[in-house]
Amino acid sequence: MGIHRGHRARPLEWIAERLIFGISFLTIAMVFLIFLFIAREALPVFLGETNSALVQEVIPSTDLGKVPRERLASYLGMTPAEMASKDEETLKTLMEIREEAAKDVPERFRNDKDAKVNATQWRYLLLPHAWTGYAKPESIWQPVGTIAKYNLLPLFIGSLKTTVIGLAFAVPLALAAALYVSQLAPVSMKEWIKPGVEFLSGIPSVVMGAFAFLVLAGVLQSLFGYRFRLNAFVAGIALGLTSIPLIFSIAEDALTSVPRAYVQAALALGASKWQTAFQIVLPAAAPGVFAAIILGFGRCIGETMVVLIASGNASVVSWNLFDSTRSLTATIAAEMAEAVSGGPHYRVLFLLGTLLFGVTFITNFVGEQVMHRLRRGREGR
Amino acid sequence: MKSKFALLAAGLLAAAHALAGPISVKGSDTLVVLAQKWAEVYMAAHPAQKIQVTGGGTGTGFAALQNQTTDLCNASRKIKAKEIEQCVKVFGKRPTEYKVALDGLSVYVSASNSKIDSLSLEELEGIFTGAIKNWKEVGGEDAPITIYSRENSSGTYEFFKEHVLKGKDFASGAQTMPGTAAVLQAVSKDKNGIGYGGAAYGAGAKHLKVSPVKGEAGIEPSEENVLAGKYPIWRYLYVYVNPALDKGDIAAYLKWLRGDEGQKLVKDVGYYPLQKNLRSN
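As structure tokens, this is what we get:
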């Protein structure tokens, strides 16, 4: 019988505590499992097991008895156990299907120099290639067609362009609003602005997309006079609108939580309200403001519906902000439903998902590190 | 107690068998409206029969057919070798293919593009692959062409790529729209735009006549021209079924929708009925 220190937790409290622990553990496990599942579907690409080549080796179905079983299993894409469960007739049908598919390839493509190219290899996924019909090496995303092309570059550029535009539009506005609301605005004003901005986050992204498609695109085109109605710029602005409330509310929290004493000290030393806000409060709240921007980035790059509707979805390699563009997320959303499950296109789409996950994970991680450094700097350690 | 439950379960099972089981239909978004129409009319005539129709895309439909989570798969394109292979791996047989309707594809330009009324297949290929970049090359005004295409997940995209572009790639600057209605909307707002989609859609934009060979007269995408095979861009729409299920209620339903009664409804949703010799009766 030791001495009890403090109160013993009451049973209900104990249960609540365990429950909260369980839920938070589950959340982390869930994120991990989601990543695992996505990455597992993309694994064959990493292992080099997918082949998108138009013309592939064909074993005639009459050779069924002659070919070694293991070779046949890998040819038909089955494990030896799966193959053992199939009867001879099924195997023969499977081989016939391969033969017919090979026969169905039009003559002009059978002798194409790219007919045997496996476009799911890394050098075709990442580097430009001089495909038949193109004058020079180009990065092409044309996953559906006789000769499939899966270059990821246009999609990465697309995601990056819309995200950068979105942030360039949203960050200054959201930060200015947050600074104004937390430091400068009279209380009555604050009570209007804050719910107003946060109300923006209640707009579903599909509605925002439709708004961008129907209204914003036309207005911006008549203002700037560019050629393509739907482009990275329109999508970026709409993305910015969806991420403003997020950046605003986190930044506003950070700014408000700066100790009142800092402000009072600055004012007492003769600083003006503006000077206090910009030179004392903003630097003091830097870690929180930075976190807001990082989360805004995550929101922008992960947003799907807005870019799907408003970006024009042309997979071009171009840094021009007024060209149509195709983002990673929109590509996955638009193409997943029709990709032959287990086929090269399907695998590459999951690869995109994995990469997207990787990008947001790394940004968040780096963001966290920078935040820690900022916080330590502020505390003078 | 246990035996009572077993009895109850057996009773329920027997009751379920006495009623016709629901037929599930899944697949192409192009076909989903037509499939729903068929299901509605058929269910009204056969109150005991339940039919559930869902969309999701042709690829999704084939995946469901393989997993045996759907009885019928609607498809706006032919099944691919890889998909047949997976069906054979799961249920040992190739799925049966039925043609169920015809669809004509139109090429649209903006109504204010007054100089262009007709284009040849060759010109269309040039425009959509990006070889022809300016309207003046095909007799229009001096303005750059903006191409509106469909998502590559759409059967329409694939069909157009194969038959009009002859397997070549779409110009990389082609903007892709999430649906035919969106293509139309975009084309009607862009006087230099060109797009393609179902012949039945159409308000707001001008349907071009298409000539099979350059220099010949353009042919309008009307019903008689499509049915007679004169208009060059048209395709079949399909329903696929696991042959093991193709009996009883399901076979009756398939026969009905491919027959005169079912085909009467096809025009209501904007497609063209099958030629008489392809029907089930």
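Each protein sequence line maps, in turn, to chains P and Y.
Position one of the first sequence corresponds to residue 1 (this note's numbering), numbered consecutively onward.
Position one of the second sequence corresponds to residue 382 (this note's numbering), numbered consecutively onward.
Glycine included, each C-beta is placed from N, C-alpha and C at the ideal position.
Given the structure is predicted, the values throughout are model-derived calculations rather than measurements.
Which two residues bound the contiguous beta strand (DSSP E) that contains residue i?
i: Glu478(Y); result: Thr477 to Ser491
i: Lys587(Y); result: Ala586 to His588
i: Tyr577(Y); result: Gly574 to Gly579
i: Ile460(Y); result: Counting along the chain, Ile460(Y) falls outside any beta strand (DSSP E), and DSSP gives it neither H nor E.
i: Ile59(P); result: Per DSSP, Ile59(P) belongs to no beta strand (DSSP E) and is neither H nor E.
i: Val434(Y); result: Ile432 to Gly437
i: Gly408(Y); result: Ile404 to Gly408
i: Leu500(Y); result: Ser499 to Ser501
Closer than 8 Å, CB to CB, is residue i near chain Y or not?
i: Leu353(P); result: According to the sequence shown, residue 353(P) is Gly rather than Leu. False, the Cβ-Cβ gap to chain Y never drops below 8 Å.
i: Pro186(P); result: no
i: Glu335(P); result: yes
i: Glu303(P); result: no
i: Thr79(P); result: no
i: Asn313(P); result: yes
i: Thr360(P); result: no
i: Thr146(P); result: yes
i: Phe228(P); result: yes
i: Gly196(P); result: no
i: Ser222(P); result: no
i: Thr50(P); result: no
i: Glu100(P); result: yes
i: Leu54(P); result: no
i: Met27(P); result: The identity of residue 27(P) in the sequence shown is Thr, whereas the question assumes Met. Taking Cβ atoms only, chain Y never reaches closer than 8 Å to Thr27(P), which makes this a no.
i: Pro398(P); result: A question about residue 398(P) goes unanswered here, because the residues of chain P that appear run from 1 up to 381.
i: Gly158(P); result: no
i: Leu321(P); result: no
i: Val340(P); result: yes
i: Arg376(P); result: no
i: Phe211(P); result: no
For the alpha helix (DSSP H) holding residue i, just list the boundary residues, first then last.
i: Trp516(Y); result: Where Trp516(Y) is concerned, there is no enclosing alpha helix (DSSP H), given that its DSSP letter is neither H nor E.
i: Tyr619(Y); result: Where Tyr619(Y) is concerned, there is no enclosing alpha helix (DSSP H), although the beta strand (DSSP E) it sits in stretches over Trp615 to Val622.
i: Lys636(Y); result: Gly629 to Arg639
i: Asn606(Y); result: Glu604 to Leu608
i: Val306(P); result: Met305 to Ala310
i: Tyr652(Y); result: That residue, Tyr652(Y), is in no alpha helix (DSSP H); it is neither H nor E in DSSP.
Assuming residue i and residue j form a contact by the criterion Cβ under 8 Å, report the distance between their Cβ atoms to the nearest whole angstrom.
i: Asn51(P); j: Pro344(P); result: 7 Å
i: Gly438(Y); j: Ala337(P); result: 4 Å
i: Ala235(P); j: Ala212(P); result: 7 Å
i: Leu655(Y); j: Lys480(Y); result: 6 Å
i: Ala217(P); j: Arg227(P); result: Ala217(P) to Arg227(P), Cβ: 12 Å. No contact.
i: Asp452(Y); j: Val564(Y); result: Actually they are not in contact, since the Cβ atoms of Asp452(Y) and Val564(Y) sit about 32 Å apart, beyond 8 Å.
i: Val469(Y); j: Thr90(P); result: 6 Å
i: Leu175(P); j: Ala102(P); result: Incorrect: roughly 60 Å between the Cβ atoms, too far for contact.
i: Pro602(Y); j: Ala567(Y); result: With 8 Å as the limit, Pro602(Y) and Ala567(Y) do not qualify as a contact, their Cβ atoms being about 19 Å apart.
i: Val359(P); j: Ser205(P); result: Rounded, the Cβ-Cβ distance is 19 Å, inconsistent with contact.
i: Gly353(P); j: Ile332(P); result: 6 Å
Residue i CB to nearest chain P CB: under 8 Å?
i: Tyr577(Y); result: no
i: Asn455(Y); result: no
i: Arg475(Y); result: yes
i: Tyr538(Y); result: yes
i: Glu532(Y); result: yes
i: Glu379(Y); result: Absent from the model: residue 379(Y). The displayed extent of chain Y is 382 to 662, so no value can be given.
i: Ile513(Y); result: no
i: Glu504(Y); result: no
i: Phe551(Y); result: yes
i: Gln556(Y); result: yes
i: Glu478(Y); result: no
i: Asp627(Y); result: no
Just to check, is the beta-carbon of residue i closer than 7 Å to a non-hydrogen atom of the ligand NAP?
i: Val545(Y); result: In the structure on display, the ligand NAP does not appear, and there are no ligands present to speak of.
For the structure I just gave you, are there three or more beta carbon pairs, one from the stretch 523-532 of chain Y and one from the stretch 541-556 of chain Y, closer than 8 Å? Contact between the stretch 523-532 of chain Y and the stretch 541-556 of chain Y is present, because at least three Cβ pairs lie under 8 Å.
Are at least three pairs of beta-carbons, each pair with one atom in the stretch 159-173 of chain P and one in the stretch 229-243 of chain P, less than 8 Å apart? The way I'd put it, the stretch 159-173 of chain P does touch the stretch 229-243 of chain P; three or more beta-carbon pairs between them come closer than 8 Å.
Which full runs of the alpha helix (DSSP H) of 4+ residues lie inside the stretch 507-560 of chain Y, going along the chain? The alpha helix (DSSP H) runs lying completely inside the stretch 507-560 of chain Y and spanning 4 residues or more are 536-544, given in chain order.
Is it a yes or a no for the stretch 80-99 of chain P touching the stretch 62-71 of chain P, going by three-plus beta-carbon pairs under 8 Å? The stretch 80-99 of chain P makes contact with the stretch 62-71 of chain P; the number of CB pairs closer than 8 Å reaches 3 or more.
Say whether the stretch 270-289 of chain P touches the stretch 299-308 of chain P, bearing in mind that this needs 3 or more beta-carbon pairs closer than 8 Å, one atom from each stretch. Too few Cβ pairs lie closer than 8 Å, so no.
With contact counted as at least three CB pairs below 8 Å, one residue from each stretch, are the stretch 322-329 of chain P and the stretch 125-139 of chain P in contact? Not touching, per the Cβ criterion.
What runs of the beta strand (DSSP E), each 3 residues or longer, lie entirely inside the stretch 5-49 of chain P? Runs of the beta strand (DSSP E) spanning 3 or more residues and lying entirely within the stretch 5-49 of chain P do not occur at all.
Would you call the stretch 570-577 of chain Y and the stretch 484-493 of chain Y touching, i.e. three or more CB-CB distances under 8 Å? With a cut-off of 8 Å, the stretch 484-493 of chain Y and the stretch 570-577 of chain Y count as touching, because enough Cβ pairs lie within range.
Is it a yes or a no for the stretch 406-420 of chain Y touching the stretch 435-453 of chain Y, going by three-plus beta-carbon pairs under 8 Å? Short answer: they touch.
Contact the stretch 423-434 of chain Y vs the stretch 458-472 of chain Y: 3+ CB pairs below 8 Å: Segments in contact, no.
With a threshold of 8 Å, are at least 3 pairs of Cβ atoms found where one atom belongs to the stretch 586-602 of chain Y and the other to the stretch 174-186 of chain P? The stretch 586-602 of chain Y and the stretch 174-186 of chain P do not touch, with fewer than 3 CB-CB distances between them shorter than 8 Å.
Quick test of the definition: if touching needs 3 or more C-beta pairs under 8 Å, does the stretch 107-125 of chain P touch the stretch 144-164 of chain P? At 8 Å Cβ cutoff, the stretches touch.
Inspect the CB distances between the stretch 499-509 of chain Y and the stretch 447-461 of chain Y and report whether three or more fall short of 8 Å. With the cut-off at 8 Å, the stretch 499-509 of chain Y and the stretch 447-461 of chain Y do not touch.
Just by C-beta distance, which residues in the stretch 594-616 of chain Y are closer than 7 Å to chain C? Structure shown: chain C not included; protein chains present are P and Y.
Write down every uninterrupted run of the alpha helix (DSSP H) in the stretch 196-230 of chain P whose length is 4 residues or greater and which is fully enclosed by it, in chain order. DSSP runs (the alpha helix (DSSP H)) wholly in the stretch 196-230 of chain P: 205-211 and 217-224.
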